[in-house]
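1 is the number of the first residue of the sequence shown in the UniProt record's numbering; add one for each residue after it. Don't be surprised by glycine CBs; every beta carbon is placed ideally from N, CA and C.
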Amino acid sequence: TMAPCAAATANGLLEHPAEAFGYFRARSIRRVMCQEKHMGSRAMIVLGRTAAAAEARFGVGSAAGGIVYTRTGRRFFHDATIEQQVLDQVRAGLDAADAWTRLATEWAVIDAEIMPWSAKGGGLIRDHYEPAGAAARTGLREATAALRQAAARDAGLAALLDRFEQRTEMAARYENAYRRYNWPVDGLDGLKIAPFHLLATEGAVHADKPHRWHMEITQRMCSEGGILTATDHREVDTENETEVAEATRWWTERTEAGSEGMVVKPEDFVARTERGVAAPALKCRGREYLRIIYGPEYTAPDQLERLRRRNTSRKTTLALREFALGIEALEQFVARAPLRHVHRAVFGILALEAEPTDPRL
1 TMAPCAAATA NGLLEHPAEA FGYFRARSIR RVMCQEKHMG SRAMIVLGRT
51 AAAAEARFGV GSAAGGIVYT RTGRRFFHDA TIEQQVLDQV RAGLDAADAW
101 TRLATEWAVI DAEIMPWSAK GGGLIRDHYE PAGAAARTGL REATAALRQA
151 AARDAGLAAL LDRFEQRTEM AARYENAYRR YNWPVDGLDG LKIAPFHLLA
201 TEGAVHADKP HRWHMEITQR MCSEGGILTA TDHREVDTEN ETEVAEATRW
251 WTERTEAGSE GMVVKPEDFV ARTERGVAAP ALKCRGREYL RIIYGPEYTA
301 PDQLERLRRR NTSRKTTLAL REFALGIEAL EQFVARAPLR HVHRAVFGIL
351 ALEAEPTDPR L
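Right, here's the structure in full:
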């Protein structure tokens, strides 16, 4: 899980880069990595260089030589053929990055985002977002048309008409927002995978590497094209006003063009400060994307003011605990500890995922 940045003070926005940069600056973390946030489904890719290598290390025989998991440990692809093809392309990406040789490994665990959102969340879109959008569009269109006729006879209705016209526009923006992340997929055609962490290989958990290292190796993985797509990113000095302004402008341009937003991470994978371990990442989502999360009319001034009082501290604490347990599980596995030690950390993560918290954060 990942916490959002604190509520924005900028006019008309709930989240803004200033609060994300401010969080790390307040903890004396000067350099951060900003990565474009992909709107898809989080996935863990576990694979061997060959099927035989995967069986030797993981003790599970599989023609695919690996598996793709959802964030809660379920199988991501139920079609074995598609999973095999995906793993083959990821393997080819690791070949292109010369990762097998450089890291002296026969297996790897990769953190990635799989797009489009509709590839995994199609049912949610059909059952929740589309009906809500259609109801809002139809109801507001008819109400606005009736008010427009009435306002032509009664000037006192002008303010109410204006309000309904604004609501109609917001409903249209809501539909546009979720449609951006919904496109057809046929097998691998239309599928995109953005790797952004090489979590572990033989003898090493790569939490000791800076995010620059992870970006460099995953960028090389994506150099051959195919379904692997590189993540746009930039490093920022939180004390440098020019760099902060440029990163903010980049975030604004990307979100206005339809991107979900960005993730801001400390330069070091694990950032220890005088105030304890800092959040491993903060998400900063765009104004239009957040309509999917908070509803079409969340940008209305009264709604926005209410939402700015949200409490993100619990989500931040949960994210830190899951982060620590995730590293612990990987370290135990890499050290070839008994599986019960790995499972203890994994079950802890699953328990934290089940903790009641605001799902919109």
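Below 7 Å CB to CB, which residues in the same chain sit around residue i once its five sequence neighbours on both sides are set aside?
i    : result
E297 : R167, M170 and Q303
G258 : R180
A158 : A151
P17  : A247, T248, W251 and C284
E331 : V205
Apply the 10 Å Cβ neighbour rule to residue i and answer buried if 16 or more other Cβ atoms are within range, or exposed otherwise.
i           : result
P116        : buried
G187        : exposed
V60         : exposed
G73         : exposed
L103        : buried
V263        : buried
G203        : exposed
P195        : buried
E256        : exposed
E19         : buried
E253        : exposed
residue 362 : Here the chain covers residues 1 to 361 and nothing more, so residue 362 does not appear.
P280        : buried
G139        : exposed
R91         : buried
Out of the options, which has the shortest C-alpha to C-alpha gap to residue i?
i    : options                   : result
R321 : Y23, V346 and A152        : V346
N11  : P359, E305 and L339       : E305
Y69  : R49, I45, S62 and E331    : I45
R275 : A6, P266, M215 and S28    : S28
I327 : A207, G348 and P280       : A207
E224 : L325, A20, E175 and I193  : I193
I349 : F323, P301, G190 and R249 : F323
G22  : L13, A6, E36 and K37      : A6
E243 : V32, A54, D98 and I217    : V32
A329 : F76, G93, A96 and V109    : V109
K37  : R309, A278 and R234       : R234
A99  : I82, A278 and C222        : C222
Look at the alpha carbon of residue i and the alpha carbon of residue j, and state the distance between them as a whole number of angstroms.
i           : j    : result
A200        : H211 : 14 Å
residue 371 : T238 : What is shown of the chain runs 1 to 361, which leaves residue 371 out entirely.
R30         : N240 : 9 Å
H197        : L307 : 32 Å
A146        : A135 : 17 Å
D232        : E355 : 32 Å
L352        : G48  : 29 Å
G51         : I114 : According to the sequence shown, residue 51 is Ala rather than Gly. Approximately 23 Å, taken between the alpha carbons.
T9          : D111 : 33 Å
V270        : C34  : 16 Å
T299        : W107 : 47 Å
R71         : A43  : 6 Å
P266        : R57  : 32 Å
P338        : T101 : 27 Å
T218        : P131 : 38 Å
A155        : Q149 : 11 Å
A336        : T105 : In the sequence under discussion, the amino acid at residue 336 is Arg, which differs from the Ala named in the question. Spanning the two alpha carbons is a distance of roughly 15 Å.
E260        : R344 : 34 Å
Y294        : A54  : 43 Å
A80         : T229 : 22 Å
A143        : P301 : 22 Å
A26         : V236 : 15 Å
R75         : L160 : 50 Å
E165        : P359 : 30 Å
I227        : D162 : 46 Å
R220        : R309 : 42 Å
Note down, in chain order, each residue of its chain lying with its Cβ closer than 8 Å to the Cβ of residue i, except the 5 sequence neighbours on either side.
i    : result
N182 : P116, W117, S118, G122 and I125
Q4   : One point to set straight first is that residue 4 is Pro, not Gln, in the sequence displayed. If we look at P4 and ignore the five residues flanking it on each side, its Cβ neighbours are E15, L282, K283, C284, R285, T312, K315 and L361.
A177 : E288, Y289, R291 and I292
R141 : T168
V185 : P116, S118, A119 and L191
H214 : F196, H197, L198, H206 and F269
Pull up the DSSP beta-bridge partners for residue i, would you.
i    : result
V109 : V46 and A200
I67  : V46
G232 : Per the sequence presented here, residue 232 reads as Asp, with Gly not at that position. According to DSSP, which records beta bridges pairwise, D232 is partnered with nothing at all.
C34  : R234 and V264
L14  : None; L14 has no bridge partner.
A337 : Beta-bridge pairing links A337 to no other residue.
V277 : R272
D189 : D186
R285 : G261
Apart from the five residues on each side of it in sequence, which residues of its chain come closer than 6 Å, Cβ to Cβ, to residue i?
i    : result
D268 : P210
F333 : V342
L87  : L47, A64 and G66
L325 : A345, G348 and I349
H78  : none
M39  : W117, Y181 and E260
A319 : T1, M2 and A3
E216 : none
Looking at the ligand ADP, does it come within less than 6 Å of residue i, judged from the CB to the closest heavy atom?
i    : result
A204 : Here there are no bound small molecules, and the ligand ADP is not part of this structure.
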